[in-house]
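Reading through the structure tokens given below for one structure.
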Amino acid sequence: MAKANSPSGNVRALQRALYVAAKRNGRRKFPALLDRIARPDVLRDAWEQVRRNQGAAGIDGETLTAVEAYGVEQMLEELREQLLTGRYRPQPSRRVYIPKPGRPGEERPLSIPWVRDRVAQTAAKLVLEPIFEASFLPTSFGFRPKRDAHQALELIRKTVNRGARWVVDLDFKDYFGSLDEDLLLGLVGRRVSDRRVIRLLRLWIRAGVLVEGRTFTAATGVPQGGPISPLMSKV
Numbered sequence: 001m002a003k004a005n006s007p008s009g010n011v012r013a014l015q016r017a018l019y020v021a022a023k024r025n026g027r028r029k030f031p032a033l034l035d036r037i038a039r040p041d042v043l044r045d046a047w048e049q050v051r052r053n054q055g056a057a058g059i060d061g062e063t064l065t066a067v068e069a070y071g072v073e074q075m076l077e078e079l080r081e082q083l084l085t086g087r088y089r090p091q092p093s094r095r096v097y098i099p100k101p102g103r104p105g106e107e108r109p110l111s112i113p114w115v116r117d118r119v120a121q122t123a124a125k126l127v128l129e130p131i132f133e134a135s136f137l138p139t140s141f142g143f144r145p146k147r148d149a150h151q152a153l154e155l156i157r158k159t160v161n162r163g164a165r166w167v168v169d170l171d172f173k174d175y176f177g178s179l180d181e182d183l184l185l186g187l188v189g190r191r192v193s194d195r196r197v198i199r200l201l202r203l204w205i206r207a208g209v210l211v212e213g214r215t216f217t218a219a220t221g222v223p224q225g226g227p228i229s230p231l232m233s234k235v
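Take the sequence shown: its letters are residues 1 to 235, numbered as in this note's numbering.
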């Protein structure tokens with residue numbers, strides 16, 4: 001549990017304040033969010049999440065251990081300065097393929113950003129998620145904090161006990177890869193008026209992936225594998 005005056009405690013307080021404000025007014029737009037994303041305590045909390053999640057190196061080969069050897073505080077300060085001055089540029093992600101659960105022989109592409117991009121994306125997620133969480137339906141469970149498949153099954157059980165007899169199962173083909181950039185950022189813009197944040201999201205969408213030494217940027221979609229992608233897929 002985060003202590004009240006600790007960096008993580010301050011981040012949780014920020015998230016609560018953003019959630020309450022967004023819940024109180026469903027049409028409110030939030031300015032100056034990049035300043036919050038680049039806060040030292042938010043970046044530190046983002047680093048701790050990236051460190052706990054482990055994960056492989058990006059295209060630069062820099063591992064979490066290498067970042068710690070370089071100096072975490074120095075890396076975070078450099079990242080903060082780049083974000084605030086507009087000099088931050090994400091690198092292309094490293095493309096890998098992993099098996100699809102329950103579908104033998106099928107694989108899905110996964111994009112692995114380099115460590116610093118994962119920290120920046122996690123910091124953005126920490127700030128943006130509570131704003132959009134305030135508008136999500138209570139029947140939505142995918143990729144949401146403190147929600148899981150067991151809760152979804154419990155809701156189905158209760159609904160069936162009330163007399164429901166049908167379940168509709170839909171699967172969107174290449175959902176992450178087919179999201180329209182302009183539509184997505186337009187939806188984000190309903191809640192986010194900080195153009196610097198919109199630009200940041202656009203940079204991540206367009207960063208592309210490195211495959212066999214060549215960088216590819218898709219015309220549509222968000223890279224599946226980055227910390228910010230699940231939130232963007234629900235907006």
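Glycine is no exception: its CB is placed at the ideal position from the N, C-alpha and C atoms.
Distance CB(residue i)-CB(residue j) smaller than 8 angstroms
i	j	result
R28	A21	yes
L18	P40	no
S135	F176	no
L203	R89	yes
V235	L184	yes
P230	F143	yes
L43	R196	no
F30	R199	no
Q121	I228	yes
P130	Q15	yes
V160	W47	no
Same chain, Cβ closer than 7 angstroms to residue i, neighbours up to 5 away in sequence not counted
i	result
R51	L64
E78	none
K100	E106, E107, R108
D45	P7, S8, V11, L126
E68	none
Q151	F141
K23	A134
Same chain, Cβ closer than 6 angstroms to residue i, five either side skipped, listed in chain order
i	result
S93	S111, I112, P113, V209, P223
A38	R80, L83, L84
Alpha carbon of residue i to alpha carbon of residue j, nearest angstrom
i	j	result
R36	V188	17 angstroms
G58	E81	21 angstroms
E73	A32	24 angstroms
R157	R147	16 angstroms
D117	S178	22 angstroms
V96	G102	19 angstroms
G226	R206	13 angstroms
A149	F141	7 angstroms
R87	L170	41 angstroms
A124	D182	19 angstroms
V168	I98	27 angstroms
E62	T139	40 angstroms
A13	P145	16 angstroms
W166	F172	20 angstroms
Assigned secondary structure, residue i (DSSP; H/G/I helix, E/B strand, else coil)
i	result
Y97	strand
S233	helix
F172	coil
Q82	helix
G226	strand
P40	helix
V209	strand
E62	coil
E106	coil
Contact set for residue i: own chain, Cβ-Cβ below 8 angstroms, skip 5 residues either direction
i	result
D60	Q91, W114
- Which ranges would you report for the alpha helix (DSSP H) in the region 111-155 if only whole runs of at least 4 residues count? With a minimum length of 4 residues, the continuous alpha helix (DSSP H) runs that stay inside the region 111-155 are 115-133.
- Query: Quick one: complete alpha helix (DSSP H) runs, 4+ long, within the region 174-201?
  - Reply: 175-178, 181-188
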